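**Q** In terms of the UniProt record's numbering, the sequence shown opens at residue 1 and continues consecutively.
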Amino acid sequence: MPEVVLTDVAKRYGQTVAVESMSLTIGSGELVALLGPSGCGKTTTLRMVGGFVPLSAGRITVGGRDVSALPPSRRNMGFVFQNYALFPHMTVAQNVAFGLQMRRFGRDDTARKVTQALNRVRLDAYAERYPRQLSGGQQQRVALARALVIEPDVLLLDEPLSNLDASLRQEMKIEIRQLQQSLGLTTIFVTHDQDEAMSTADRMVLMYRGRVEQAGPPAEVYARPRSQFAARFLGVANLLAGSMTLDGTEFMPKTGPMLRLRGQRQIRGDAIFALRGEEIGLTTGTVPENVNCLGGRIGIATFHGSTVEYHVMTDAGITLISRVPAPAVGGAPVLPCDTRVSLHWKPESGVVVAAENG
Ligand SMILES: Nc1ncnc2c1ncn2[C@@H]1O[C@H](COP(=O)(O)OP(=O)(O)OP(=O)(O)O)[C@@H](O)[C@H]1O
Ligand SMILES: [Mg+2]
1 MPEVVLTDVA KRYGQTVAVE SMSLTIGSGE LVALLGPSGC GKTTTLRMVG GFVPLSAGRI
61 TVGGRDVSAL PPSRRNMGFV FQNYALFPHM TVAQNVAFGL QMRRFGRDDT ARKVTQALNR
121 VRLDAYAERY PRQLSGGQQQ RVALARALVI EPDVLLLDEP LSNLDASLRQ EMKIEIRQLQ
181 QSLGLTTIFV THDQDEAMST ADRMVLMYRG RVEQAGPPAE VYARPRSQFA ARFLGVANLL
241 AGSMTLDGTE FMPKTGPMLR LRGQRQIRGD AIFALRGEEI GLTTGTVPEN VNCLGGRIGI
301 ATFHGSTVEY HVMTDAGITL ISRVPAPAVG GAPVLPCDTR VSLHWKPESG VVVAAENG
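1) When every heavy atom of ligand 1 is checked, does at least one fall within less than 7 Å of the C-beta of Tyr126?
2) Does the Cβ of Asp193 lie closer than 7 Å to at least one heavy atom of ligand 2?
3) Among residues of its own chain, excluding the 5 on either side of Ser349, which ones have a beta-carbon nearer than 7 Å to its beta-carbon?
4) Please report the distance separating the alpha-carbon of Lys173 from that of Asp247.
5) Kindly give me the distance between the Cβ atoms of Arg262 and Pro347, rounded to whole angstroms, as I take these residues to be in contact under 8 Å.
6) Taking the alpha helix (DSSP H) that Lys113 belongs to, which residues open and close that run?
7) Mind pulling the alpha helix (DSSP H) runs of 4 or more residues that sit fully within the segment 118–185?
8) If I measure Cβ to Cβ from Leu164 and keep anything under 8 Å in the same chain, skipping five residues before and after, which residues do I get?
9) Residues in its own chain within less than 6 Å of Val96 by CB, not counting five upstream and five downstream?
10) Drop a sphere of 10 angstroms on the beta-carbon of Phe303, count the other beta-carbons inside from all chains shown, and report buried for 16 or more, exposed for fewer.
11) Can you list, in chain order, every residue whose CB sits closer than 7 Å to a heavy atom of ligand 2?
12) Using only CA atoms, which one of Thr284, Thr314, Met48, Asn238 lies nearest to Asp157?
13) According to DSSP, is Arg265 helix, strand or coil?
14) With 16 as the cutoff for other CB atoms within 10 Å, does Pro218 come out buried or exposed?
15) Please classify Gln264: is it buried, with 16 or more other beta-carbons within 10 angstroms of its beta-carbon, or exposed?
16) For Val294 and His344, I'd like the C-alpha separation in whole angstroms.
17) For the beta strand (DSSP E) that contains Gly50, what are its first and last residues?
18) Could you check the C-alpha separation between Val324 and Asp109 for me, to the nearest Å?
19) Using a 10 Å radius around the Cβ and a threshold of 16 neighbouring Cβ atoms, would you call Cys40 buried or exposed?
20) Would Asp195 pass as a contact of Val32 if the rule is Cβ separation under 8 Å?
21) Can you tell me whether Asn292 is buried or exposed, with buried defined as 16 or more other CB within 10 angstroms of its CB?
22) Can you check whether the CB of Gly29 is closer than 8 Å to the CB of Thr186?
23) What whole-angstrom Cβ distance do Pro88 and Tyr130 have, given they're in contact under 8 Å?
24) Determine the extent of the alpha helix (DSSP H) in which Pro218 is found, giving its start and end residues.
25) Considering Cα atoms alone, identify which of Ser182, Gly210, Gly235 is closest to Asp193.
26) Compute the beta-carbon to beta-carbon distance between Val341 and Gly305, rounded to the nearest angstrom, for a pair I have assumed lies under 8 Å.
27) Tell me whether Pro327 sits in a helix, a strand or coil according to DSSP, three-state version.
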């Protein structure tokens with residue numbers, strides 16, 4: 001399977017900049033998740049790769065061949081659109097067969113491939129139905145079958161799970177990953193859901209305002225957001241404004257005491273200390289040694305299945321969020337509001353990033 005390379009790709013609509021400048025390589029057989037907030041340019045990027053939107057600047061190559069000016073029919077890519085776009089007047093089987101007919105496959109070949117594709121997404125019993133007779137999830141699977149049936153070199157998925165309920169989404173996520181791996185497809189998977197991106201992707205690409213903000217293996221991006229935007233978007237619960245001391249060993253928040261740091265990249269000027277709730281321990285007993293420690297009172301406790309999240313009003317005047325294991329997975333019993341607690345975390349926990357302007 002070919003590798004896909006985007007070089008300084010941009011898209012403008014009059015005054016609107018949909019994609020500012022995207023440079024990105026999707027390796028052979030790799031699944032890259034494009035993640036980012038609404039309007040950051042994910043769909044536009046995907047449509048440029050698919051050939052549905054002409055580029056304003058830059059170029060796209062597939063297996064070393066420049067496809068920037070080729071129509072979609074000459075790119076051999078499977079595409080699942082954000083709104084799945086099935087033909088309403090065609091049956092499921094006809095929808096799936098469409099791409100094969102365009103490519104002038106014979107009748108027997110087409111029938112065999114359609115059956116195989118519908119089998120893959122477990123919709124063989126629905127071949128003669130019309131899209132309006134299917135649930136949203138089933139329509140989404142037809143769209144996936146239609147993309148796979150042409151045996152594409154590259155698979156482009158635009159929020160393919162957006163209309164599924166939680167359990168079907170979980171199932172389809174695993175199915176897409178298995179199909180993609182067994183067929184070895186080079187894949188771009190667009191989503192605005194970080195769990196979906198983290199659990200399916202080899203590499204996660206966080207987009208912001210039409211650019212790549214940060215890219216890397218999911219675990220690395222999760223652990224080390226590189227900007228205030230990334231930290232916020234990736235759900236880091238505690239973001240403290242302040243600055244780093246010149247020697248990099250302490251963080252001075254605007255309110256509250258100095259916090260010890262270890263192993264942080266040096267950030268000059270206004271900075272943000274980003275600390276995940278999971279990194280903050282909470283105890284009513286003795287605090288471990290060599291940690292940052294703040295006393296306070298529990299404000300709210302919320303239950304999340306395997307974890308409990310506490311909002312703690314510290315004596316220093318800042319509220320911190322701590323997320324600890326729930327009783328069912330070996331954690332302590334849930335503490336009531338107003339309980340006096342100590343919060344603590346290691347100096348190497350968290351990450352300091354530059355503060356955004358304004
Ligand atoms: N045909 C168009 N004409 C004008 N502006 C457009 C057009 N298509 C997209 N845009 C603008 O370009 C920006 C990026 O849109 P895009 O659809 O790529 O975002 P997205 O990241 O896919 O968002 P979402 O998560 O909501 O699907 C938006 O500000 C959008 O309004
Ligand atoms: Mg979109």
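Virtual Cβ for every residue (Gly too), placed ideally from N, Cα, C.
Only a predicted model underlies this, so the values are computations on that prediction, with no experimental measurement involved.
**A** In short:
1) Here residue 126 refers to the residue found at position 126 of the sequence shown. At a cut-off of 7 Å, the beta-carbon of Tyr126 does not count as near ligand 1: no heavy atom of the ligand is closer than that.
2) Working through the sequence shown from its first residue, we reach residue 193 at position 193. For ligand 2, not one heavy atom lies less than 7 Å from the Cβ of Asp193.
3) Translated into positions along the sequence shown, residue 349 becomes position 349. Cβ within range, chain order: Leu275, Glu279.
4) The count along the sequence shown starts at 1 and reaches residue 173 at position 173. The count along the sequence shown starts at 1 and reaches residue 247 at position 247. Rounded to whole angstroms, Lys173 to Asp247 spans 45 Å at the Cα level.
5) One-based indexing of the sequence shown puts residue 262 at position 262. One-based indexing of the sequence shown puts residue 347 at position 347. Yes, they are in contact, since the Cβ atoms of Arg262 and Pro347 sit about 4 Å apart, within 8 Å.
6) Position 113 of the sequence shown, counted from the start, is the residue given in the question as residue 113. Per DSSP, the continuous alpha helix (DSSP H) segment holding Lys113 begins and ends at 107–120.
7) At a cut-off of 4 residues, the continuous stretches assigned as alpha helix (DSSP H) that sit fully inside the segment 118–185 are 136–148, 166–183.
8) In the sequence shown, counting from the first residue as 1, residue 164 sits at position 164. Short of 8 Å from the beta carbon of Leu164, and not among the five residues preceding or following it, lie these beta carbons of its own chain, in chain order: Gly136, Gly137, Gln140, Met172.
9) The count along the sequence shown starts at 1 and reaches residue 96 at position 96. Counting only Cβ-Cβ distances below 6 Å, and skipping sequence neighbours, we find Val114, Ala117, Ala145, Arg146, Val149.
10) Working through the sequence shown from its first residue, we reach residue 303 at position 303. Exposed, because fewer than 16 other Cβ atoms sit within 10 Å of the Cβ of Phe303.
11) That gives Lys42, Thr43, Gln82, Asp158, Glu159, Val190.
12) Locating residue 157 in the sequence shown gives position 157, where the first residue counts as 1. In the sequence as displayed, the identity of residue 157 is Leu instead of Asp. Per the Cα distances, Met48.
13) To locate residue 265, count along the sequence shown from 1; it is residue 265. DSSP places Arg265 in coil when its eight states are reduced to three.
14) On the sequence shown, position 218 is the one that residue 218 refers to. Pro218 should be labelled buried.
15) Numbered from its first residue, the sequence shown carries residue 264 at position 264. A buried status is given to Gln264, since no fewer than 16 other beta-carbon atoms sit within 10 Å of its beta-carbon.
16) Along the sequence shown, read from residue 1 onward, the residue named residue 294 stands at position 294. Along the sequence shown, read from residue 1 onward, the residue named residue 344 stands at position 344. Sequence check: residue 294 is Leu here, not Val. One C-alpha to the other measures close to 7 Å.
17) The count along the sequence shown starts at 1 and reaches residue 50 at position 50. Run containing Gly50: none in the beta strand (DSSP E); it sits in the alpha helix (DSSP H), 42–50.
18) On the sequence shown, position 324 is the one that residue 324 refers to. On the sequence shown, position 109 is the one that residue 109 refers to. Cα to Cα, the separation comes out at about 56 Å.
19) The residue given as residue 40 occupies position 40 in the sequence shown. Buried is the call here.
20) Mapped onto the sequence shown, residue 195 falls at position 195. Mapped onto the sequence shown, residue 32 falls at position 32. With contacts defined as CB atoms closer than 8 Å, Asp195 and Val32 fail to qualify as a contacting pair.
21) Position 292 of the sequence shown, counted from the start, is the residue given in the question as residue 292. Result: buried.
22) Within the sequence shown, the letter at position 186 stands for residue 186. Within the sequence shown, the letter at position 29 stands for residue 29. Going by C-beta atoms, Thr186 is nearer than 8 Å to Gly29.
23) Taking the sequence shown and counting its residues from 1, one reaches residue 88 at position 88. Taking the sequence shown and counting its residues from 1, one reaches residue 130 at position 130. About 7 Å; that satisfies the 8 Å criterion.
24) Looking up residue 218 in the sequence shown gives position 218. Residues 218–223.
25) As a position in the sequence shown, residue 193 is number 193, starting the count at 1. Just measuring C-alpha positions, the residue of Ser182, Gly210, Gly235 sitting nearest Asp193 is Gly235.
26) Taking the first residue of the sequence shown as position 1, residue 341 is located at position 341. Taking the first residue of the sequence shown as position 1, residue 305 is located at position 305. Val341 to Gly305, Cβ: 22 Å. No contact.
27) The count along the sequence shown starts at 1 and reaches residue 327 at position 327. Here Pro327 sits in helix by DSSP.
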